[in-house]
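Down below is the structure, laid out as structure tokens.
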Amino acid sequence: MRSRPVRGRRLLSGTGIIITLLAGTLAALIFPVWSYADRSGTGLDTLNAQTVPTNYGPLSALDRDFVTKVRLAGLWELPAGQQAQQKSTTQAVRTAGEHLVTGHTFLDARVRDVATRLGLALPNQPNAQQRQWLATLDAAQGQEYDRDFANLLRRAHGKVFAVVAQVRATTRNSLVRALADDANTTVLDHIKVLEATGYVDFDALAEDAATASPPPLVPSPAPPGPTDDPGTPVPVTPTPMYTLPPAVSSLPP
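Numbering (the UniProt record's numbering), first residue to last: 1 to 253.
This is the structure in structure tokens:
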């Protein structure tokens, strides 16, 4: 007689456990759906929030950053290339300078056209780090100049090359995609001709890549923005691409 209430309580307790387990299972199934599909702050949410529509397809923050970086590259690499043709002690470095002038004259015209169509403002002077690199080259002489030129420019091109690949693989904007194609061809040419000087320190490049953090985005206004042509930094007439010079066979100690 007294055992019935105990047995009843056990049945109720077992039922409660089953209900609790079912509720927990349901919550586990629902939570991922909420956390990845509805919650703000995910990668897709960030992409959508920073992307604006244009006549040439969606324009993301990475796209705008890329357009700005192409312009910035020309603002210091073009005058650096012109300087190398005057200061270098080797034909290989002078030829590398000619490639930089040719490539960035072409790319600067391309990026100004793209920026105008997308309504983006462009910088008109190198950033602080680029001005420091130019100052380093201004102060260097002789073989020190050749070495500094080859390594500063090769390191900068390596970083840009990675950005170009990422943009080309992900952009949904046809103008940015075409610009990335042109930048990829130009940057790869510059990498090859800089390496052909024989001065590039590949060990230092590898260490720099292993310890470097991802480059920050360069702010650039989304459309609508200023559409005035910012002007070319240095008027240079484009010339045909050059063949690679022979590498330096041996370097003085």
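Here a beta-carbon is modelled for each residue, glycine too, at the ideal position from N, C-alpha and C. It should be emphasised that the depicted structure is a prediction, and the values quoted were computed from it without experimental measurement.
* Asked: Quick one: Cα of residue 80 to Cα of residue 193, how far?
  -> The straight-line gap from Cα to Cα measures roughly 14 Å.
* To do: For the alpha helix (DSSP H) holding residue 174, just list the boundary residues, first then last.
  => Note, residue 174: alpha helix (DSSP H), 174-195.
* The alpha helix (DSSP H) enclosing residue 107, as first and last residue numbers -> Element bounds for residue 107: 91-118.
* Count the other CB atoms, across all protein chains shown, that sit within 10 Å of the CB of residue 109; report buried if there are 16 or more and exposed otherwise. => Residue 109 should be labelled exposed.
* To do: Count the other CB atoms, across all protein chains shown, that sit within 10 Å of the CB of residue 132; report buried if there are 16 or more and exposed otherwise.
  => Residue 132 comes out exposed.
* residue 81: first and last residue of the uninterrupted alpha helix (DSSP H) it sits in -> 61-87 is the span of the alpha helix (DSSP H), which, as asked, contains residue 81.
* Asked: If residue 126 and residue 134 are in contact, beta carbons under 8 Å, what's the gap, nearest whole angstrom?
  -> 7 Å between Cβ atoms; contact.
* To do: Would you check if there are 3 or more beta carbon pairs closer than 8 Å linking the stretch 64-75 to the stretch 140-154?
  => Judged by Cβ distances under 8 Å, the stretch 64-75 makes no contact with the stretch 140-154, as fewer than three pairs qualify.
* **Beta carbon of residue 63 nearer than 7 Å to that of residue 173** => In this structure, residue 173 lies closer than 7 Å to residue 63 by Cβ.
* For residue 142, is the classification buried or exposed, using 16 other Cβ atoms within 10 angstroms of its Cβ as the cut-off for buried? -> Flag for residue 142 reads exposed.
* Is residue 137 buried or exposed, if buried means 16 or more other CB atoms sit within 10 Å of its CB? -> Counting Cβ neighbours within 10 Å, residue 137 comes out buried, since at least 16 surround it.
* Asked: Roughly how many whole angstroms lie between the Cα atoms of residue 51 and residue 171?
  -> A direct Cα-to-Cα measurement between residue 51 and residue 171 gives close to 11 Å.
* If residue 211 sits next to residue 103, beta carbons under 8 Å apart, how far is it from one beta carbon to the other, in whole angstroms? -> Actually they do not touch by this definition, with Cβ atoms about 28 Å apart.
* Asked: Contact check, residue 175 vs residue 114 under 8 Å by CB: the rounded distance?
  -> At roughly 5 Å, the Cβ-Cβ gap stays under 8 Å, so residue 175 and residue 114 are in contact.
* To do: Quick one: residues in its chain with C-beta nearer than 8 Å to the C-beta of residue 89, no 5 flanking neighbours on either side, listed in chain order?
  => So the qualifying residues of the chain are 142, 143, 145, 146.
* **Segment limits, alpha helix (DSSP H) that includes residue 203** => Counting along the chain, the alpha helix (DSSP H) containing residue 203 begins and ends at 202-211.
* Thinking C-alpha only, which one of 98, 152, 188, 139 is nearest residue 163? -> It is 188 whose Cα lies nearest to the Cα of residue 163.
* **Reference residue 152, options 71, 57, 56, 84, closest by Cα** => When only C-alpha atoms are compared, the closest one is 84.
* Asked: Are the beta-carbon atoms of residue 167 and residue 178 separated by less than 7 Å?
  -> Against a cut-off of 7 Å, the Cβ pair of residue 178 and residue 167 comes out as no contact.
* **residue 196 classed as buried or exposed, judged by whether at least 16 other C-beta atoms fall within 10 angstroms** => By the neighbour-count criterion, in which 16 or more other beta carbons inside 10 Å mark a residue as buried, residue 196 falls on the buried side.
* **Where the alpha helix (DSSP H) through residue 158 begins and ends** => Annotation for residue 158: the continuous alpha helix (DSSP H) segment containing it runs 142-170.
* Asked: Between the C-alpha atoms of residue 139 and residue 82, what's the straight-line distance to the nearest angstrom?
  -> Whole-angstrom Cα-Cα distance: 15 Å.
* To do: Report the residue from 100, 116, 154 whose alpha carbon sits nearest the alpha carbon of residue 203.
  => Check the Cα spacing between residue 203 and each of 100, 116, 154: the tightest is with 154.
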